[in-house]
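One structure below.
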Amino acid sequence: MSAYDGATVVERMRNHWGGDTDHLYGVLVRQLADDADRGGVVREILRGREDAPPGDMLQLRLLAGIHRIVLRGDAPELARFYPSVGGTADRYAVWPAVEPVLRAHVAELRDALDVAPQTNEVGRSVALLAGLSEAVRRTGLAKVRLLEPGASAGLNLLVDRFRFVGDGWSAGPSDAHLVLDGCEAPGFSPATFEVVERRGCDLDPFEATTDEGAAYLRSFVWPHMPERDGRLVAALATLRETPVAVDRAGAAEWVRARLAESADDDVLTVVWHSITRQYWPPQEYAAMLAAIDEARPRMPVARVALEDPDPLPTQGSWRPQVEVDDDVIGWCTHHGPPLELVPS
Ligand SMILES: C[S@@+](CC[C@H](N)C(=O)[O-])C[C@H]1O[C@@H](n2cnc3c(N)ncnc32)[C@H](O)[C@@H]1O
Numbered sequence: 014m015s016a017y018d019g020a021t022v023v024e025r026m027r028n029h030w031g032g033d034t035d036h037l038y039g040v041l042v043r044q045l046a047d048d049a050d051r052g053g054v055v056r057e058i059l060r061g062r063e064d065a066p067p068g069d070m071l072q073l074r075l076l077a078g079i080h081r082i083v084l085r086g087d088a089p090e091l092a093r094f095y096p097s098v099g100g101t102a103d104r105y106a107v108w109p110a111v112e113p114v115l116r117a118h119v120a121e122l123r124d125a126l127d128v129a130p131q132t133n134e135v136g137r138s139v140a141l142l143a144g145l146s147e148a149v150r151r152t153g154l155a156k157v158r159l160l161e162p163g164a165s166a167g168l169n170l171l172v173d174r175f176r177f178v179g180d181g182w183s184a185g186p187s188d189a190h191l192v193l194d195g196c197e198a199p200g201f202s203p204a205t206f207e208v209v210e211r212r213g214c215d216l217d218p219f220e221a222t223t224d225e226g227a228a229y230l231r232s233f234v235w236p237h238m239p240e241r242d243g244r245l246v247a248a249l250a251t252l253r254e255t256p257v258a259v260d261r262a263g264a265a266e267w268v269r270a271r272l273a274e275s276a277d278d279d280v281l282t283v284v285w286h287s288i289t290r291q292y293w294p295p296q297e298y299a300a301m302l303a304a305i306d307e308a309r310p311r312m313p314v315a316r317v318a319l320e321d322p323d324p325l326p327t328q329g330s331w332r333p334q335v336e337v338d339d340d341v342i343g344w345c346t347h348h349g350p351p352l353e354l355v356p357s
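Taken in order, the sequence shown gives residues 14 to 357; the numbers are from the working numbering.
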């Protein structure tokens, strides 16, 4: 049985990690599902949502709602089980700690079912660094206007404020809040560039400069991946120092409008997108590419991306690829490092 299988919300909850109990959520989803089956508080929280489509991922919405209560310090007994807040308690003993929290927060957790999961994964900025470096080398232009469709909270637009440490190379300010180490890619030579403008768009932009917005974003990071949460917290500190504008708009229309704005001849416009293309309507990507191609005679422009191969290979394993215009220049994981570059 694969993760997500199941005819009902409760079955999909139980199966989300496909029986993997190596981490807290793998255990918790089974216990939440068992409680719903015996008519407990989880049944009450899910009431009226039993017919939610699989794509709504109600199980992840509920887990994030519980995580928010833990992150804000309102469930100290339960926090002992959450690695994201330093918890180390035996995950198999979590039920007696979680059940009273569910009972005390039924209304809040029912509201949490309305909030679609959204992640802004800052590890992906290592792909942007690689692609930007390639685009800067190809064009000889080091002033960059950075545009990001599908930006979520826009955290990756802060790529020049992050520090990267790879095998034999490093980049970025030495006092950066966010240090991405383990980038590997021996032989990589990061280019020097200056971001002169940064802006993003998203269908559902995430305002993460407030404490509440930051808590929402953090709550969707799985607590058994505290290193991802640590990166996110560091990037959120960077965002508070350098806020970025993320407009509410669809990708293609927004990119077309931005490219209609004039740019200085010595500025390279980079359209960057990561793990968002798969969610776009079928025509959106083609329309964005057309807008970029139409802009090329008017201004230096490059497209840099970290996206799953399209179409996905039917056999064998694959990783998201780093794209610069029509070229694949490397690969990394869905969460970023390590980076591997195509041998030159
Ligand atoms: C998986 S998240 C990735 C966010 C960010 N790019 C990152 O890598 O962390 C996908 C994002 O794409 C946005 N999105 C989906 N369809 C879109 C569209 N047609 N136009 C703009 N944004 C879209 C979603 O709202 C979501 O924030």
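All C-beta atoms in this analysis are idealised placements derived from N, C-alpha and C, irrespective of residue type, glycine included.
Predicted model only: the values in this text are computed from it and were never measured.
Any non-hydrogen atom of ligand 1 within 7 Å of Ser287 CB: Proximity of the beta carbon of Ser287 to ligand 1 is indicated: a heavy atom of the ligand is located closer than 7 Å.
Trp344 in three-state terms, based on DSSP: Secondary structure at Trp344: strand, using DSSP grouped into helix, strand and coil.
Alpha carbon of Ser275 to alpha carbon of Met312, nearest angstrom: Cα to Cα, the separation comes out at about 8 Å.
Backbone secondary structure at Ser15 - three-state DSSP: In this predicted model, Ser15 has a pLDDT of only 47, less than 50, meaning its place in the structure is not dependable enough to derive any value.
Range of the contiguous alpha helix (DSSP H) that encloses Glu266: Glu266 -> alpha helix (DSSP H) spans 264 to 272.
Supposed contact pair Glu320 and Arg271 - C-beta distance, whole angstroms, cut 8 Å: With a beta-carbon spacing of about 20 Å, Arg271 and Glu320 fall beyond the 8 Å limit used to define contacts.
Where Ala106 falls: helix, strand or coil (DSSP): Reduced to three states, the DSSP call for Ala106 is helix.
Euclidean distance between Cα positions of Val317 and Arg269: The C-alpha of Arg269 is placed about 16 Å away from the C-alpha of Val317.
Cα-Cα separation, Glu60 to Gly52: Residue identity differs from the one stated: residue 60 is Arg in this sequence, not Glu. If I take the Cα positions, the gap works out to 11 Å.
Classification of Gly136 by the beta-carbon crowding that lies within 10 angstroms, buried from 16 upward: Under this definition Gly136 is a buried residue.
Cα-Cα separation between Phe219 and Ala117, rounded to whole angstroms: For Phe219 and Ala117, the distance between alpha carbons rounds to 28 Å.
The stretch 282 to 302 touching the stretch 152 to 168, judged by at least three CB pairs closer than 8 Å: Contact annotation: the stretch 282 to 302 touches the stretch 152 to 168, with at least three C-beta pairs closer than 8 Å.
Distance cut-off 7 Å: Gly163 Cβ against heavy atoms of ligand 1: Within the cutoff, so yes.
Nearest neighbour of Ile82, chosen from Asp103, Val55, Val114, Leu71 [CA to CA]: Closest in alpha carbon position to Ile82, among Asp103, Val55, Val114, Leu71, is Val114.
Check: Gly4 C-beta below 7 Å from any heavy atom of ligand 1: What is shown of the chain runs 14 to 357, which leaves residue 4 out entirely.
Stretch pair the stretch 162 to 170 + the stretch 325 to 345: three plus CB contacts closer than 8 Å: A contact is defined here as three or more CB-CB pairs under 8 Å, and the stretch 162 to 170 fails this definition with respect to the stretch 325 to 345.
Exposure of Ala296, with buried meaning 16 or more beta-carbon neighbours within 10 Å: In the sequence as displayed, the identity of residue 296 is Gln instead of Ala. Its Cβ having fewer than 16 others within 10 Å, Gln296 is exposed.
Neighbour-count burial assignment, Gly349, 16 or more Cβ in a 10 Å radius: It counts as buried.
Burial state of Gln44, where buried means 16 or more other Cβ atoms lie within 10 Å: Per the 10 Å Cβ criterion, buried.
Rounded separation between Val259 and Asp215 - CA only: Distance between Val259 and Asp215, taken at the CA atoms: about 7 Å.
Per-residue burial, Leu145 [other beta carbons within 10 Å of its own, 16 or more giving buried]: Counting C-beta atoms within 10 angstroms of its own C-beta, Leu145 has 16 or more neighbours from the protein chains shown and is therefore classed as buried.
Assigned exposure category for Gly32 - 16 Cβ within 10 Å defines buried: Exposed.
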